[in-house]
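Chemist:
Now the structure itself:
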């Protein structure tokens with residue numbers, strides 16, 4: 001009888017767990033990127049993926065935090081042929097399956113900020129976090145539209161901020177992005193704000209971003225910054 005592992009059925013095969021190596025992680029990440037580029041899915045929609053490496057005869061499975069079964073992690077197995085009815089999985093409890101998943105999560109974060117880095121380059125700005133960096137880029141996704149905001153000091157097309165917000169946040173990239181969405185008439189629903197610098201006290205702790213989101217009638221906004229992500233519920 002075929003055995004089931006990571007939502008797949010295996011017949012006539014024996015799987016022996018081994019350490020996950022960097023090329024396995026890169027293979028899984030490449031598969032995920034292909035899916036995203038050829039579908040309407042986003043990163044958080046990808047709950048699982050797998051990668052077959054013919055060079056070393058392995059299969060690598062990734063299960064994210066939202067997977068229905070099991071804990072998040074990455075598992076790699078060497079696949080051998082065996083008689084039908086003799087299928088088995090040989091696991092190694094000493095192998096850390098969470099560490100490679102966290103490593104891949106860091107790579108995913110880098111990819112999330114890749115678009116902002118390219119936008120910076122188009123503007124002739126230095127890379128985020130570099131010694132000479134004085135700018136901030138924000139990307140607001142709402143209602144199927146995307147708006148890039150630039151901090152006032154580096155913005156070649158500085159716009160008037162009519163949203164009610166504190167004087168500090170008014171000059172920041174977040175306000176520029178929210179204002180564009182407001183002027184475009186977008187209201188309500190969920191949104192995502194990606195910023196290549198952690199939110200300052202005025203935008204974060206003191207409620208600048210939250211207040212602007214409320215003025216657009218946003219119900220929930222996910223904020224992604226270099227230090228991580230958080231979801232803010234506004235209703």
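Numbering (the UniProt record's numbering), first residue to last: 1 to 235. The beta-carbon is built from N, C-alpha and C at its ideal position, and this holds for glycine as well. Given the structure is predicted, the values throughout are model-derived calculations rather than measurements.
What residue range is occupied by the uninterrupted beta strand (DSSP E) comprising residue 174?
Modeler: Against the chain shown, residue 174 aligns to sequence position 174. Residue 174 -> not in any beta strand (DSSP E); alpha helix (DSSP H) instead, spanning 173 to 183.
Chemist: In terms of alpha-carbon separation, which member of 173, 158 and 17 lies closest to residue 137?
Modeler: Translated into positions along the chain shown, residue 137 becomes position 137. The residue with the shortest Cα to Cα distance from residue 137 is 173.
Chemist: In the DSSP output, what is residue 236 paired with across the bridge?
Modeler: This structure cannot speak to residue 236, because the chain is shown only from 1 to 235.
Chemist: Give the C-beta separation of residue 163 and residue 178 to the nearest angstrom, bearing in mind that I take them to be a contact with Cβ-Cβ under 8 angstroms.
Modeler: Reading the chain shown from its first residue, position 163 is the one you call residue 163. Reading the chain shown from its first residue, position 178 is the one you call residue 178. About 6 angstroms separates the two Cβ atoms, so the contact holds.
Chemist: Leaving out five residues before and five after residue 196 in sequence, what residues of the same chain have Cβ atoms less than 6 angstroms from its Cβ?
Modeler: On the chain shown, position 196 is the one that residue 196 refers to. Cβ neighbours of residue 196 beyond the five flanking positions: 113, 116, 128 and 137.
Chemist: Output the distance between the C-alpha atoms of residue 77 and residue 183, rounded to the nearest integer angstrom.
Modeler: Residue mapping note: residue 77 aligns to position 77 of the chain shown, counting from 1. Residue mapping note: residue 183 aligns to position 183 of the chain shown, counting from 1. About 53 angstroms.
Chemist: If you draw a straight line from the C-alpha of residue 199 to the C-alpha of residue 225, how long is it?
Modeler: Taking the first residue of the chain shown as position 1, residue 199 is located at position 199. Taking the first residue of the chain shown as position 1, residue 225 is located at position 225. Whole-angstrom Cα-Cα distance: 7 angstroms.
Chemist: What residue from 40, 220 and 170 has the CA that sits closest to residue 192's CA?
Modeler: Counting from 1 along the chain shown, the entry for residue 192 is found at position 192. Answer by Cα proximity: 220.
Chemist: Pull up the distance between the alpha-carbon of residue 133 and that of residue 125, whole angstroms please.
Modeler: For the purposes of this step, residue 133 is taken as the residue at position 133 of the chain shown. For the purposes of this step, residue 125 is taken as the residue at position 125 of the chain shown. About 8 angstroms.
Chemist: Given that a residue counts as buried once 16 or more other Cβ atoms are within 10 Å of its Cβ, and exposed if not, what is residue 186?
Modeler: Residue numbering aside, residue 186 sits at position 186 when the chain shown is read from its first letter. Classification for residue 186: buried.
Chemist: Hey, quick one: how far does the alpha helix (DSSP H) through residue 47 stretch, first residue to last?
Modeler: What you label residue 47 is simply residue 47 of the chain shown in a count that begins at 1. Taken as a continuous stretch (DSSP letters only), residue 47 belongs to no alpha helix (DSSP H), as it is neither H nor E.
Chemist: Under 7 angstroms Cβ to Cβ from residue 231, same chain only, skipping five residues before and after it: list those, please.
Modeler: As a working mapping, residue 231 is identified with position 231 in the chain shown. 220 and 222, listed in sequence order.
Chemist: Would you be able to state if there are at least three C-beta pairs under 8 angstroms between the stretch 35 to 42 and the stretch 51 to 59?
Modeler: As far as the Cβ criterion goes, the stretch 51 to 59 does not touch the stretch 35 to 42, which means the pair count is below three.
Chemist: Taking the alpha-carbon positions, what's the residue 99 to residue 24 distance?
Modeler: Indexing the chain shown from 1 puts residue 99 at position 99. Indexing the chain shown from 1 puts residue 24 at position 24. Those two C-alpha atoms are separated by around 13 angstroms.
Chemist: Within its chain, find whatever has a CB closer than 8 angstroms to the CB of residue 13; leave out the 5 residues flanking it on each side and keep chain order.
Modeler: The residue you call residue 13 lines up with position 13 of the chain shown. Here the set comprises 79, 80, 81, 82 and 87.
Chemist: Look at the alpha carbon of residue 180 and the alpha carbon of residue 75, and state the distance between them as a whole number of angstroms.
Modeler: Counting from 1 along the chain shown, the entry for residue 180 is found at position 180. Counting from 1 along the chain shown, the entry for residue 75 is found at position 75. Computed Cα separation, rounded: 44 angstroms.
Chemist: Assuming the contact rule is C-beta atoms closer than 8 angstroms, residue 11 and residue 2 should be a hit. Round their C-beta distance to whole Å, please.
Modeler: Locating residue 11 in the chain shown gives position 11, where the first residue counts as 1. Locating residue 2 in the chain shown gives position 2, where the first residue counts as 1. Correct: roughly 4 angstroms between the Cβ atoms.
Chemist: Checking the sheet assignment: what are the DSSP bridge partners for residue 75?
Modeler: Working through the chain shown from its first residue, we reach residue 75 at position 75. BP columns for residue 75 point to 61.
Chemist: Measuring CB to CB, does residue 49 end up less than 9 angstroms from residue 28?
Modeler: Translated into positions along the chain shown, residue 49 becomes position 49. Translated into positions along the chain shown, residue 28 becomes position 28. In contact: residue 49 and residue 28 (Cβ atoms closer than 9 angstroms).
Chemist: Go through its chain and collect everything with a Cβ distance to residue 91's Cβ below 6 angstroms, but skip five positions before and after it.
Modeler: Taking the chain shown and counting its residues from 1, one reaches residue 91 at position 91. So the list reads 17, once near-sequence residues are dropped.
Chemist: Closer than 7 angstroms by C-beta to residue 203: which residues in its own chain qualify, once you throw out the five before and the five after it? Chain order, please.
Modeler: Indexing the chain shown from 1 puts residue 203 at position 203. Closer than 7 angstroms at the Cβ level, and outside the excluded window around residue 203, lie 169, 172, 174 and 209.
Chemist: Residue 228 lies in the beta strand (DSSP E); which residues open and close that run?
Modeler: As a first step, residue 228 must be located in the chain shown, where it is residue number 228. Looking at the DSSP string, the run of the beta strand (DSSP E) that includes residue 228 is 228 to 233.
Chemist: Between the Cα of residue 33 and those of 94, 85 and 104, spot the shortest distance and give me the residue it belongs to.
Modeler: Along the chain shown, one-based indexing puts residue 33 at 33. Minimum Cα distance to residue 33 is reached at 104.
Chemist: I need the straight-line Cα distance from residue 139 to residue 89, nearest angstrom please.
Modeler: Here residue 139 refers to the residue found at position 139 of the chain shown. Here residue 89 refers to the residue found at position 89 of the chain shown. Approximately 45 angstroms, taken between the alpha carbons.
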